[in-house]
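Colleague: I'd like to ask you about the structure that follows.
This is the structure we're talking about:
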């Protein structure tokens, strides 16, 4: 059973889990396709190391500053920016014809993924409390683990079915449709601007608009929030 007492909280959780799965799948899906990528691009050993490890490196480096920026600027805007960066750089990497292009695209894509996941973690902590918070973060961890475990199998299947030359490119494209759908869902389900230009909801910087709706629903001050498709925020 999903944590949260209302639909708004569960929809927040769904978007967060989808974003986590999409970005963490991309971290492992390319591993099996490395030989095909190296042959197709005539890449050296150093290039391959940067393509494979650069994503994880940039991902980790972006987590802490991304969380701090989310606290100050609001989480929704940074979530959408990070997810857009992730999808666009995935397309650039998948269509790249030179190792340097793929290396740079993977580095920036990893930074975008780290920015997304820092907002995901912060949002789950904002929306859920007590046992529900532990369950939500647990689901996020399990979802990420499953996605990372499925990556090599999916990558191997794509290379086997489509051939080495096309398979590694499809591995990099695999997360693009999921990322685009998740971004659209996040944009539709969390609306509202704070005067400073960032995104907010509950009257506090760093909280997505859905947080304010969830808390308002729990207090009963504005009825139960069946969805968060419409703009709404509490006065600051």
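In the working numbering, the protein residues as written are 3 to 238.
The beta-carbon is built from N, C-alpha and C at its ideal position, and this holds for glycine as well.
Please read these numbers as outputs of a predicted model, since none were measured by experiment.
Are the region 79-88 and the region 134-147 in contact at 8 Å, needing three or more beta carbon pairs?
Modeller: Short answer: they don't touch.
Colleague: Kindly indicate which three-state DSSP category residue 79 falls into: helix, strand or coil?
Modeller: Helix.
Colleague: Residue 8 by DSSP, collapsed to three states: which one?
Modeller: In the structure shown, residue 8 sits in coil (DSSP, three-state: anything other than H, G, I, E or B).
Colleague: Let me know the alpha helix (DSSP H) ranges lying completely inside the region 143-178, each 4 residues or longer, listed in chain order.
Modeller: Segments of the alpha helix (DSSP H) lying fully in the region 143-178: 166-175.
Colleague: Kindly indicate which three-state DSSP category residue 46 falls into: helix, strand or coil?
Modeller: DSSP places residue 46 in coil when its eight states are reduced to three.
Colleague: With burial defined as no fewer than 16 other Cβ atoms inside 10 Å of the residue's Cβ, what is the status of residue 111: buried or exposed?
Modeller: Burial call: buried.
Colleague: Helix, strand or coil: which one does DSSP assign to residue 99?
Modeller: Coil at residue 99, not helix or strand.
Colleague: If I'm right that residue 164 touches residue 31 with Cβ under 8 Å, what's the distance once you round it to whole angstroms?
Modeller: Going by Cβ atoms, the distance from residue 164 to residue 31 rounds to 14 Å, so no, they are not a contact pair.
Colleague: How would you call residue 29, buried or exposed, if buried means at least 16 neighbouring beta carbons within 10 angstroms?
Modeller: With 16 or more other Cβ atoms within 10 Å, it is buried.
Colleague: What does the alpha-carbon distance come out to for the pair residue 179 and residue 114?
Modeller: Going from the Cα of residue 179 to the Cα of residue 114 covers about 16 Å.
Colleague: Residues in its own chain within less than 6 Å of residue 200 by CB, not counting five upstream and five downstream?
Modeller: Confidence is the limiting factor: at residue 200 the pLDDT is only 35, short of 50, which leaves the residue's position unreliable, though a coordinate-based value still follows. Correct list, in chain order: 75, 76, 79.
Colleague: Give me the Cα-Cα distance between residue 61 and residue 152, rounded to the nearest whole angstrom.
Modeller: When rounded, the distance between both Cα atoms is 19 Å.
Colleague: Mind reading off the beta-carbon distance from residue 149 to residue 26? Whole number of angstroms is fine, and I expect it under 8 Å.
Modeller: 4 Å between Cβ atoms; contact.
Colleague: Going by the beta-carbon positions, is the gap between residue 175 and residue 169 smaller than 8 Å?
Modeller: No. Outside cutoff.
Colleague: Using DSSP with H/G/I as helix, E/B as strand and the rest coil, what is residue 88?
Modeller: The answer is helix: DSSP assigns residue 88 an H, G or I state.
Colleague: Closest to residue 107 by CA distance: which of 63, 89, 119 is it?
Modeller: Nearest option by C-alpha distance: 89.
Colleague: Between the region 116-123 and the region 92-102, can you find at least three pairs of beta-carbon atoms closer than 8 Å?
Modeller: Verdict: no, contact absent.
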